[in-house]
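These notes concern the structure reproduced below.
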Amino acid sequence: MFLKYRKVCDIFKQTCVISRNKGTFTDRLRLTVKGGAGGNGLPRYGGIGGKGGNVVVTAKVSLPNLNKVSHKYITRKVAATQGEQSKRYRLLGKPGSDEVIHCPLGVTVETDDGFVLGDLNNDGDTVVVALGGRGGESCNQFLGQKGQKRTIVLDYKLIADVGLIGFPNAGKSTLLKALSRASPKIASYPFTTLTPNVGIMQYDDFRKISVADMPGLIEGAHQNVGLGYKFLKHITRTRLLLFVVDVNGFQFQPEYPMRTAIDTLYLLQKELELYDDTLLHKPALLVVSKMDSKHSKKRYNEFLQHLNEGTCVNSDVEPPKKLIEFDDLLPICSHNTYNIEKLRNRIRELVDFHFEETRDELSQPQSFKSIIHREQNAKHDENIVIV
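Structure representation (C-alpha cells):
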C-alpha cells in the first residue's frame, strides 16, 4: 500500500506529490556517497581554495530503523558541498559543509565489496565514508581536487538484551506483551507479513531490559528460506537468547511434516549452528509455551524425557553437533501469566550474571541436566489447568 501526501516547496511555492511505501522495514541500504570538491585557489595572490565537505555516518539513538534514511535519500545519492573558491577579499576559501547521514544504533558501515568501515553501536558514533577534496594551492596548481566517491552499504541489526527465537505461532509476540506489560513501549516494524517487535521490561528499581521478538524461523532459514538472513542476522547482537517452543509442536503447512516440541528445539539450534555456530555459545534460556492447551502436561513430560536422553521423535531431524546448555527451563502460559513473573525475574538474573560486573552468585545457572530433573519432579501451580 502506498501513502501519498502533498508538500509545498518553500523556494518555488509549488506543490510536489511524493509516493512512499508505508509497509516497509529497511534494514539494509546501499548509497553512493561523494565528498565535496575543493575550491580553486587564486594564483595571483597565493590564495587557497576551501576544502570540500566530508560525508559522514552518525548513530542517533532516537532512530528505530533505516526508513528515514531511505526516505531522505530517495535517489540513493549523497553528496557534501564543495569548498569555496579563493577570492581577493577572502584568500582562504571557506570549507564545504559535511553531509551527515543519521542512522540507528546497530548499523555496520561497509564498502560495496564487503570491507567494514565501522560499527555504530553507541549514540554519536561516527564514520567518515567519503573525504572532501583538497583545496587548490601551489602544490596542485591552485586547482581544487575532486572529492572521494564510493558506494557504501548500511547494514542494520537490532540491538537488544534478549532475542526471542522460535518457529511461527510459538507464542513469541504474546510472550513479549506479557513480559513488557509494566512498560508497554512496543514499537512495531513491518517486515513483509511478519513484524519484529522490540519491547522494554521495566523493573521496580527502574532497571530496563529490552526484548526483541524476531520473525518466526522455519527450516532452511540459513539458506534464505523464509525470512532467512533477515531473521538470523538480527540475533547476533542480542546478549541472551530466549528460545520459545510450543508444547504442541509445529507444522508449517499441511504438506510439511508435523514437528514435535523436541524436534522444533533441535531444528532451531541446527539453523543457528549452520548460520553461525558461535551463536550456540551465547547465554540461553528455554521456555515451553501454551501450557494451558489440551494434553500439555503429557507432551511436556515427553519433551523433558527426550531432552534428557538427547533424542528426537522424527528420524529426519538432525540434531546440532553441539546442544545448547540452557541456563534455565520454564513452562509458561502467556495468556494467564503462568510463570511470567518468574521468567521476568530469571531474565534479569541471567543478564546481570553474564554481563554485569557485580554478580549475584546465587543466580549462577545450574547444570542443564539438573534443571531437567527439577522440571520432571516439579509440581506445577494448581491455579493453571494443565491437562
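Everything in the sequence shown is counted per my numbering, starting at 1 for the first residue and increasing by one.
Yeah, the Cβ is synthetic: ideal placement off N, Cα and C, and Gly gets one too.
Helix, strand or coil: which one does DSSP assign to residue i?
i, result
"H102", "strand"
"V414", "Since the first residue of the chain shown is 1 and the last is 387, residue 414 is not available in this structure."
"K149", "strand"
"Q141", "coil"
"T58", "strand"
"E84", "coil"
"K369", "helix"
"Q202", "strand"
"V69", "helix"
"N345", "helix"
"V351", "helix"
"A79", "strand"
"Y89", "coil"
"K270", "helix"
"P184", "Bear in mind that the predicted position of P184 carries a pLDDT of just 36, short of 50, making it too unreliable to give a figure here."
"D284", "The question names Asp, but residue 284 in the sequence shown is Ala. DSSP places A284 in strand when its eight states are reduced to three."
"D161", "coil"
"R207", "coil"
"Y256", "coil"
"D277", "helix"
What does a CB cutoff of less than 6 Å around residue i pick up in its chain, not counting 5 residues either side in sequence?
i, result
"G147", "K34, G35, G36, A37, G52, G132 and G133"
"T174", "S334"
"V107", "L120, L154 and Y156"
"G216", "F167 and P168"
"R30", "V153"
"T260", "G249 and V313"
"P43", "F142"
In chain order, what residues of the same chain lie with their CB nearer than 8 Å to the CB of residue i, ignoring the 5 residues before and after it?
i, result
"L240", "D161, V162, G163, K282, P283, A284, L285, I347, L350, V351 and H354"
"I372", "L304, L307, N308 and L329"
"L143", "N40, G41 and G136"
"N111", "The sequence shown places Thr at residue 111, not Asn. Counting only Cβ-Cβ distances below 8 Å, and skipping sequence neighbours, we find L117, R150, T151, I152 and V153."
"E84", "G39, G49, G50, R90, G93, K94, P95 and G96"
"Q251", "P257, M258 and R259"
From this set, the options, which residue's C-alpha is nearest residue i's C-alpha?
i, options, result
"F25", "K68, F252, C312 and I209", "K68"
"S413", "R90, H306, T81 and L329", "Nothing about residue 413 can be reported from this structure: the residues present for the chain run from 1 to 387 only."
"V128", "A178, G114, L143 and I101", "I101"
"I340", "L105, G49 and K172", "K172"
"N377", "F252, R344, A170 and N301", "N301"
"P331", "I324, E309 and D292", "D292"
"S97", "D112, M214, K87 and T81", "T81"
"V211", "T75, S70, D27 and R344", "R344"
"T236", "M214, V109, P254 and F252", "M214"
"Y45", "A79, S86 and T75", "S86"
"T238", "N140, T278 and V61", "T278"
"A79", "L272, I165, T32 and E273", "T32"
"V287", "F206, L272, E271 and I165", "I165"
"V109", "D27, T75 and Q253", "D27"
"N54", "A130, G47 and D113", "A130"
"E99", "V57, S138, S70 and S180", "V57"
Give the straight-line distance between the Cα atoms of residue i and residue j, rounded to the nearest whole angstrom.
i, j, result
"Q145", "L158", "39 Å"
"S296", "R374", "18 Å"
"G135", "K72", "29 Å"
"K77", "D123", "24 Å"
"A59", "N197", "20 Å"
"M461", "K208", "Here the chain comprises residues numbered 1 to 387, so residue 461 is not present and cannot be evaluated."
"K322", "K369", "15 Å"
"A182", "Y203", "Any answer about A182 is weak, because its pLDDT of 38 lies below 50 and its placement is not dependable; what the coordinates show is given next. Computed Cα separation, rounded: 8 Å."
"P104", "F303", "40 Å"
"L307", "V313", "11 Å"
"T311", "D327", "20 Å"
"P95", "L66", "29 Å"
"V245", "L63", "32 Å"
"G118", "D125", "9 Å"
"M258", "K294", "17 Å"
"H234", "K298", "34 Å"
"E271", "N140", "57 Å"
"G199", "E255", "35 Å"
For residue i, I'd like the list of residues in its chain whose CB is within less than 7 Å of its CB, leaving aside the five on either flank, ordered along the chain.
i, result
"V317", "D263, Y266 and L267"
"A178", "S334, T337 and I340"
So, is the C-beta of residue i closer than 8 Å to a C-beta in chain C?
i, result
"P320", "Here there is only one protein chain, and chain C is not present."
Taking 7 Å as the cut-off, is the CB of residue i close to at least one heavy atom of the ligand SAM?
i, result
"G124", "No copy of the ligand SAM occurs in the structure displayed, which carries no ligand at all."
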